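Quick notes on the structure that follows.
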Amino acid sequence: MTTEIEHVEVVEAELVEDEAPGAGEVAVHDPVAAVLQALDTDAKEHLNRIRPKKTRTGYARDWEIWQEFHGWLAEQTGTLLPLSSITVGTFVSFVTYLDQVVQAPPNTIERRITGTTSEARRRGYTVPKEATEAARRALKPLKLDKHRQARGRGKAAAVTPGDLRKMANAPRERQPAPTARRRAVFRVPELARLRDQALNSLKFAVAGRNEEMSVMDDVHIQPVEEGLMVHVPSVKGRPPRDVPVTYGEDRATCPVRCWQAWQEAKLAAGAVPGGPAFLPVDQWGHMGTIRLSPDGVGRALARCAQYAGLSGRRITGHSARRGLVTTGRKKGKRVEKLRRQGGWSANSPVFWEYVDEGEAFEDAPTEGIGL
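Counting from 5, one number per residue, gives the positions in the sequence shown under my numbering.
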């Protein structure tokens with residue numbers, strides 16, 4: 005007699021403890037789901053690790069502020085909500101807290117929203133789109149308030165070619181405020197002067213960010229008949245770009261001739277050909293071997309502005325980017341050309357703000373109307 009044995013599918017399973025919910029049931033292990041979950045976790049950790057250090061530090065601080073907000077909210081309501089409670093109500097209240105309690109400037113509030121959103125998602129919390137949209141709607145009128153804008157450092161002032169000439173031709177010697185340790189005249193070494201002229205003029209010409217100028221190598225700046233063809237490397241995930249730089253009208257601010265002079269001096273001082281485009285130079289004229297940092301790029305422009313007597317305006321590393329657009333529009337340069345030169349996205353609100361600034365007196369409402 006033949007006995008048929010019914011096929012039984014065997015699955016990996018484990019018993020749930022008696023005390024836990026669902027006691028007595030069998031929990032089925034899904035290897036596919038487990039692998040996918042592990043990959044997702046690893047991917048999130050990897051993406052967080054490769055973020056720039058400044059971004060990670062800033063987002064971590066944003067999350068601390070989110071925790072402080074929850075503590076404040078618990079004092080007001082008598083209930084401590086979990087940090088995962090990200091809703092329209094909590095996010096709008098977060099904006100109100102940052103504005104009225106912390107008294108943060110609107111730009112800082114906007115960045116806190118971005119950082120908190122990113123950190124929450126990294127930790128596995130859900131951030132509804134309607135919550136972030138509501139927070140930004142609540143922020144919009146605050147950004148139009150001049151008193152709130154004054155809480156921050158303010159926007160960077162645009163530099164012009166005239167400003168760059170003042171910087172390039174500023175006295176190389178200055179007497180700093182006397183202290184117990186320093187009473188001598190501070191003298192800018194020739195090598196540093198040549199470096200700053202090349203750095204500032206080229207930064208303006210390519211609308212370069214501090215990070216972009218820092219990571220440039222000699223091979224990224226190629227001489228051509230018309231001037232220079234500059235490859236601006238990718239930083240922070242932004243696409244790279246190749247932009248033309250023509251000869252300038254003034255030797256002190258011509259990015260082509262300033263670059264050539266710095267390149268010759270740099271190689272004569274022992275720099276490795278093909279290495280970093282810009283290197284640090286100390287107060288004694290000694291050149292370093294490690295590329296100039298992004299902060300060093302920004303400080304170079306701000307320091308030159310101070311020597312030229314431009315300290316009444318807030319000139320930072322971002323001033324050159326603003327200056328190229330505003331100056332370019334005043335001279336009739338095409339918007340699309342300016343946008344590509346600086347690597348702005350087509351819908352960048354910052355870029356269009358610069359365009360509006362440069363066009364402020366173009367076909368002005370009061371021009372030619374008989375006033």
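Don't be surprised by glycine CBs; every beta carbon is placed ideally from N, CA and C. Just so we're clear, the structure is a prediction, and the values are computed from it rather than from any experiment.
Near residue i, what residues of its chain come up, given a Cβ to Cβ distance below 8 angstroms and the 5 sequence neighbours on each side ignored?
{"i": "M291", "result": "L195, K270, A273, G274, A275, L283, P284, V285"}
{"i": "V236", "result": "V210, G212, E216, M220, H224, P244, R245, D246, V247, G347"}
{"i": "H50", "result": "none"}
{"i": "A324", "result": "V163, N204, K207, F208, A211, G212, L305"}
{"i": "P25", "result": "Here the model assigns P25 a pLDDT of 47, short of 50, so the residue's position is not dependable, and the following value carries that caveat. Cβ neighbours of P25 beyond the five flanking positions: none."}
{"i": "T6", "result": "In this prediction, T6 scores a pLDDT of 46, lower than 50, which makes its location untrustworthy; the coordinate-derived value is nonetheless stated afterwards. Within the same chain, T6 has no close Cβ partners at all."}
{"i": "D299", "result": "N214"}
{"i": "R249", "result": "Looking at the sequence itself, residue 249 is Val, so the reference to Arg does not match. Only L206, A209, V210, G231, L232, M233, V234, P259, V260 meet the Cβ criterion."}
Can you list, in chain order, the residues of its chain with a C-beta nearer than 7 angstroms to that of residue i? Leave out the 5 residues immediately preceding and following it.
{"i": "N173", "result": "A256"}
{"i": "E357", "result": "none"}
{"i": "A281", "result": "M220, D221, D222, H224, I225"}
{"i": "W76", "result": "Y101, V105"}
{"i": "P109", "result": "R152, Q153, R155, G156"}
{"i": "R197", "result": "R176"}
{"i": "T164", "result": "G327, T331"}
{"i": "V96", "result": "A138, A139, A142"}
{"i": "H74", "result": "L84, L85, L87"}
{"i": "Y129", "result": "S88, I90"}
{"i": "V92", "result": "E134, A135, A138"}
{"i": "V99", "result": "I113, A139, A142, L143"}
Please report the straight-line C-alpha distance between residue i and residue j, rounded to a whole angstrom.
{"i": "A209", "j": "G313", "result": "22 angstroms"}
{"i": "N111", "j": "V192", "result": "36 angstroms"}
{"i": "L203", "j": "D360", "result": "27 angstroms"}
{"i": "S349", "j": "L342", "result": "11 angstroms"}
{"i": "L148", "j": "A142", "result": "12 angstroms"}
{"i": "G362", "j": "L328", "result": "10 angstroms"}
{"i": "R338", "j": "S88", "result": "47 angstroms"}
{"i": "K133", "j": "G336", "result": "40 angstroms"}
{"i": "T136", "j": "Q107", "result": "20 angstroms"}
{"i": "K159", "j": "V354", "result": "11 angstroms"}
{"i": "R60", "j": "R115", "result": "13 angstroms"}
{"i": "R140", "j": "D167", "result": "36 angstroms"}
{"i": "R303", "j": "S297", "result": "10 angstroms"}
{"i": "A239", "j": "R295", "result": "Looking at the sequence provided, one finds Val at residue 239 rather than Ala. Cα-Cα distance, rounded: 15 angstroms."}
{"i": "A37", "j": "D44", "result": "10 angstroms"}
{"i": "D46", "j": "R199", "result": "43 angstroms"}
{"i": "I373", "j": "K334", "result": "21 angstroms"}
Quick one: grab the DSSP three-state call for residue i.
{"i": "L328", "result": "helix"}
{"i": "I225", "result": "strand"}
{"i": "G231", "result": "strand"}
{"i": "P277", "result": "coil"}
{"i": "D46", "result": "helix"}
{"i": "A366", "result": "It should be pointed out that residue 366 corresponds to Glu in this sequence rather than to Ala. Correct three-state label for E366: coil."}
{"i": "R333", "result": "helix"}
{"i": "V285", "result": "strand"}
{"i": "G374", "result": "coil"}
{"i": "R127", "result": "coil"}
{"i": "M291", "result": "strand"}
{"i": "R191", "result": "strand"}
{"i": "A202", "result": "helix"}
{"i": "Q41", "result": "helix"}
{"i": "E253", "result": "coil"}
{"i": "D34", "result": "coil"}
{"i": "V209", "result": "Before going on, a small fix: residue 209 reads as Ala here, not Val. Three-state result, A209: helix."}
Assuming residue i contacts residue j (C-beta within less than 8 angstroms), just tell me the rounded distance between them.
{"i": "L232", "j": "W266", "result": "12 angstroms between Cβ atoms; not a contact."}
{"i": "L305", "j": "G316", "result": "About 16 angstroms; that fails the 8 angstroms criterion."}
{"i": "R126", "j": "K48", "result": "6 angstroms"}
{"i": "C308", "j": "M171", "result": "4 angstroms"}
{"i": "A124", "j": "I69", "result": "The pair is not a contact, with the Cβ atoms about 12 angstroms apart (cut-off 8 angstroms)."}
{"i": "I113", "j": "D103", "result": "6 angstroms"}
Looking at the secondary structure, which residues open and close the alpha helix (DSSP H) in which residue i lies?
{"i": "P353", "result": "353-362"}
{"i": "N173", "result": "Note, N173: premise wrong, no alpha helix (DSSP H); not H, not E."}
{"i": "P237", "result": "Looking at the DSSP string, P237 is not in any alpha helix (DSSP H), and its letter there is neither H nor E."}
{"i": "D66", "result": "57-81"}
{"i": "Q310", "result": "298-311"}
{"i": "T94", "result": "92-100"}
{"i": "C262", "result": "259-272"}
{"i": "S218", "result": "214-219"}
{"i": "K419", "result": "Look at the range of the chain in this structure, 5 to 375, and you will see that residue 419 is not part of it."}
{"i": "H151", "result": "150-153"}
{"i": "E137", "result": "133-147"}
Which residue marks the beginning of the beta strand (DSSP E) containing residue i, and which one marks its end?
{"i": "V247", "result": "245-250"}
Ignore the nearest five residues each way along the sequence and tell me which others in residue i's own chain have a CB closer than 6 angstroms to its CB.
{"i": "V260", "result": "G231, L232, Y251"}
{"i": "Q345", "result": "A211, V247"}
{"i": "S122", "result": "Y63"}
Is the Cβ of residue i closer than 7 angstroms to any Cβ of chain D?
{"i": "L87", "result": "You won't find chain D in this structure, because it holds only one protein chain."}
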